[in-house]
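Heads up: the structure comes next, in structure tokens.
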Amino acid sequence: MSFLPDMRKWGAAEIVLALSILILVVVVAVPVALIFITAFFVDGAFNLADVTAILTQRDTYEALKNSIIIAFGVTVISTIIGVFFAWLVSRTDLPFKGTMKVLFLLPFMLPSFIGALAWKMLLSPRSGYINKMLMGLFDLQDPVFDIYGYWGIILVESMYLFPFVFIQVCGALERMDPTLEESARIAGAGLTTITRKITIPLIMPSILAGALLIALYSLAHFGVPAILGTEAGIYNIPTKIYEKIHQSAGSFKAIRAGTVLASLLVVSAAIILYVQSLVLKSGRFQIIAGKSVRPVALKLRGFKIPLLIFSAVYLLVTVILPTVTIFLVGSLKTYGLSLDWANMTLENYEYILFTWRLTRDAIFNSVYLALSAAFVTMLAGVMISYVIVKMKPRGKWLLEFLGVLPFSLPGTVIALGVILTWSGRFGVNLYNTAWIIFVAYIARYMAFSLKSNSAALEQVHDSLVEASRACGATQWQAMRHVVIPLARPGMVAAFFLIFLPALRELTTSVLLYGPTTRTIGVAIYTLNEDGETVYAAALASIALVIIVLGQIGIKKLTQARAEGV
Numbered sequence: 000m001s002f003l004p005d006m007r008k009w010g011a012a013e014i015v016l017a018l019s020i021l022i023l024v025v026v027v028a029v030p031v032a033l034i035f036i037t038a039f040f041v042d043g044a045f046n047l048a049d050v051t052a053i054l055t056q057r058d059t060y061e062a063l064k065n066s067i068i069i070a071f072g073v074t075v076i077s078t079i080i081g082v083f084f085a086w087l088v089s090r091t092d093l094p095f096k097g098t099m100k101v102l103f104l105l106p107f108m109l110p111s112f113i114g115a116l117a118w119k120m121l122l123s124p125r126s127g128y129i130n131k132m133l134m135g136l137f138d139l140q141d142p143v144f145d146i147y148g149y150w151g152i153i154l155v156e157s158m159y160l161f162p163f164v165f166i167q168v169c170g171a172l173e174r175m176d177p178t179l180e181e182s183a184r185i186a187g188a189g190l191t192t193i194t195r196k197i198t199i200p201l202i203m204p205s206i207l208a209g210a211l212l213i214a215l216y217s218l219a220h221f222g223v224p225a226i227l228g229t230e231a232g233i234y235n236i237p238t239k240i241y242e243k244i245h246q247s248a249g250s251f252k253a254i255r256a257g258t259v260l261a262s263l264l265v266v267s268a269a270i271i272l273y274v275q276s277l278v279l280k281s282g283r284f285q286i287i288a289g290k291s292v293r294p295v296a297l298k299l300r301g302f303k304i305p306l307l308i309f310s311a312v313y314l315l316v317t318v319i320l321p322t323v324t325i326f327l328v329g330s331l332k333t334y335g336l337s338l339d340w341a342n343m344t345l346e347n348y349e350y351i352l353f354t355w356r357l358t359r360d361a362i363f364n365s366v367y368l369a370l371s372a373a374f375v376t377m378l379a380g381v382m383i384s385y386v387i388v389k390m391k392p393r394g395k396w397l398l399e400f401l402g403v404l405p406f407s408l409p410g411t412v413i414a415l416g417v418i419l420t421w422s423g424r425f426g427v428n429l430y431n432t433a434w435i436i437f438v439a440y441i442a443r444y445m446a447f448s449l450k451s452n453s454a455a456l457e458q459v460h461d462s463l464v465e466a467s468r469a470c471g472a473t474q475w476q477a478m479r480h481v482v483i484p485l486a487r488p489g490m491v492a493a494f495f496l497i498f499l500p501a502l503r504e505l506t507t508s509v510l511l512y513g514p515t516t517r518t519i520g521v522a523i524y525t526l527n528e529d530g531e532t533v534y535a536a537a538l539a540s541i542a543l544v545i546i547v548l549g550q551i552g553i554k555k556l557t558q559a560r561a562e563g564v
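Under numbering that gives the first Met the number 0, the first residue of the sequence shown is numbered 0, with each subsequent residue one higher.
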């Protein structure tokens, strides 16, 4: 009986704390825990024999080997590209480097699986437009390029993942103390020697941090390997999990096998994140001086125009060409026709937007789920961030850990955990409904909300809350009338940080969709798999338009907020 009076004494602070813990436990902790419980326990007993049997299967070994090969190749190539272009726009007198810096971030905003679809249309051996053009020009019997295979996957992923390194290295280069480079230059060292022996060693922590993020993302990547690898018999761990579950129509045996494979991804992610933390915490390199300095721009001299042309060509080939291809193929009357105006039509877009229920529902599902998940996750993130930043309860590190954990895990792992949690195990069955995707999005993007809202709440001084309490306001009134209005910019930023990734998401939703709950990403992927290439390209074009408009809206809103401040 003593418990009830305690409950009655709960105030707003205790209720907010309890709700925060409950949300993170239900949405995050339980699904992740069930991954390992399902993988290693059968009927309540630890069962290592089945786990060993799954891990020693040839297809498991092949999937793990393929994941490592692809991740290694993507990491090396993306790092080289990212470091080179970061150095070019941050430390040289390259013309239009401010504009070039923005353009090099474009691949970060575009879905890589749509890029893979475009390169499949351009470089597939039988029907790729570039291959057909080269075979016609030079009277060749065999195609010049074959996009299917390791190199196709690695190159396409690298085109879209190098911004991870680019962003990290740009920041390091712009903040580093230039006196060491200047001293070397005075001593007679050339540009190559300075770059190789001074600049690169000093920014190595940033290079490694970005490279590890690329490795983590590539290991968990589904879209590009699924589009460019499966036709050549190349499966990584996420595509192997998808194959096992969909071939068996979601049987528990297949899901259990999937949890064992997912455990490999979790272990890999944990190792990568641990290594990254060691790199970031190491004080081996100190590159920021105690006084305000701006590194001197290195003179490119005769290389200035050639490097500008090289950068422009790179962007044309990796960003403009695949994007234009998607729009052109989406306008064809039939896939395989030449890209002439006579073969173009807008009927495909009309059919997808207004007539075909599959694609119309996919657009509605994506927009509705992205908006709903962004709004709910933003609100939950504000509440949890308030607990962490303002209430500072004992053990707040656990709340922070649970909030960030899903973002550190592959989307495939989150999807499997959600399936195990919300498929009737606890009396609630959301499988094959839009609700299960909604719950997965909340778990996956909670970290975005926590980071953005925590940063905003840190700027709200505690004295404002104390003043409102001194005037007689309750904890809830202080939060509602003081804290939330001041933290609103962070809330708006969190909303859009969740909305756009959720809108184009594929890796998580591809394991969760039902007959009527396809999202845009899933619909594009399944249309491509079914041979509906023209419709897949048309839907991808619409998705790109929505994404670009969303990015423009975010930029304008951010600028308006900044000017208002």
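Ideal Cβ positions, reconstructed from N, Cα and C, are used throughout, including at glycine.
Approximately 7 Å separates the beta-carbon atoms of proline 500 and tyrosine 444; this is inside 8 Å, confirming the contact. Looking at the DSSP output, threonine 91 shares a beta bridge with Leu297. Isoleucine 435 sits away from valine 412, with the two beta carbons spaced by 8 Å or more. When Cβ pairs closer than 8 Å are counted between the two stretches, the stretch 207-221 is seen to touch the stretch 231-244, the count reaching three or more. With 16 or more other Cβ atoms from the protein chains shown falling within 10 Å of its own Cβ, lysine 119 counts as buried. In this structure, the CA atom of alanine 70 is about 27 Å from the CA atom of leucine 526. Boundaries of the alpha helix (DSSP H) around lysine 119: 111-122. Counting only the Cα atoms, glycine 222 lies some 13 Å from leucine 160. By the Cβ rule, the stretch 444-460 counts as touching the stretch 393-411, because three or more pairs are nearer than 8 Å. For valine 481, the CB contacts under 7 Å within the same chain, skipping 5 residues up- and downstream, are Leu463, Val464 and Ser467 in chain order.
Annotation: serine 422 is outside any alpha helix (DSSP H) and is labelled neither H nor E by DSSP. Taking the Cα positions, alanine 188 is about 25 Å away from proline 94.
When the alpha-carbon of phenylalanine 251 is set against those of Ile153, Gly228, Ile383 and Thr420, the nearest one is in Thr420. Straight-line spacing of the CA atoms in alanine 373 and leucine 315 works out to 33 Å.
The three-state reading of DSSP puts asparagine 428 in strand, counting E and B together.
The DSSP-derived three-state label of valine 459 is coil. In this structure, Leu260 is the residue among Leu260, Val366 and Glu528 with its C-alpha nearest to the C-alpha of aspartate 58.
Look at alanine 186 here: in three-state DSSP terms it is coil, with no helix or strand label.
Within the model, the alpha-carbon separation for tyrosine 147 versus isoleucine 319 is close to 21 Å.
The C-alpha of proline 177 lies about 48 Å from the C-alpha of serine 371. Ranking Val544, Leu510 and Ala379 by CA distance to the CA of asparagine 431 puts Leu510 first.
Of the candidates Ser182, Glu173, Val26 and Pro30, Glu173 places its Cα closest to the Cα of serine 205. Methionine 390 sits away from isoleucine 497, with the two beta carbons spaced by 8 Å or more.
In this structure, DSSP gives alanine 44 an extended state, which the three-state scheme calls strand. Beta-bridge pairing by DSSP links leucine 485 to no other residue. When the five nearest sequence neighbours on each side are left out, the beta carbons in the same chain lying within less than 7 Å of the beta carbon of leucine 336 are those of Asn342, in order along the chain.
The continuous alpha helix (DSSP H) containing glycine 97 extends over residues 96-102.
The three-state reading of DSSP puts leucine 345 in coil, since its state is none of H, G, I, E or B. Counting only residues of its own chain and dropping the five nearest sequence neighbours on each side, leucine 139 has a CB closer than 7 Å to the CB of Leu133.
Note on geometry: alpha-carbon atoms of isoleucine 79 and serine 157 lie some 10 Å from one another. Of the residues Ile152, Thr516, Tyr273 and Asp339, the one whose Cα lies closest to the Cα of arginine 356 is Thr516. Taking the C-beta atoms as reference points, leucine 398 is found nearer than 8 Å to leucine 23. Counting C-beta atoms within 10 angstroms of its own C-beta, phenylalanine 112 has 16 or more neighbours from the protein chains shown and is therefore classed as buried. Comparing C-alpha distances from arginine 255 to each of Ile36, Pro106 and Ala492 shows the shortest one belongs to Ile36. Taken atom to atom, the span from the alpha-carbon of leucine 297 to that of aspartate 92 is near 6 Å. With 16 or more other Cβ atoms from the protein chains shown falling within 10 Å of its own Cβ, tryptophan 86 counts as buried.
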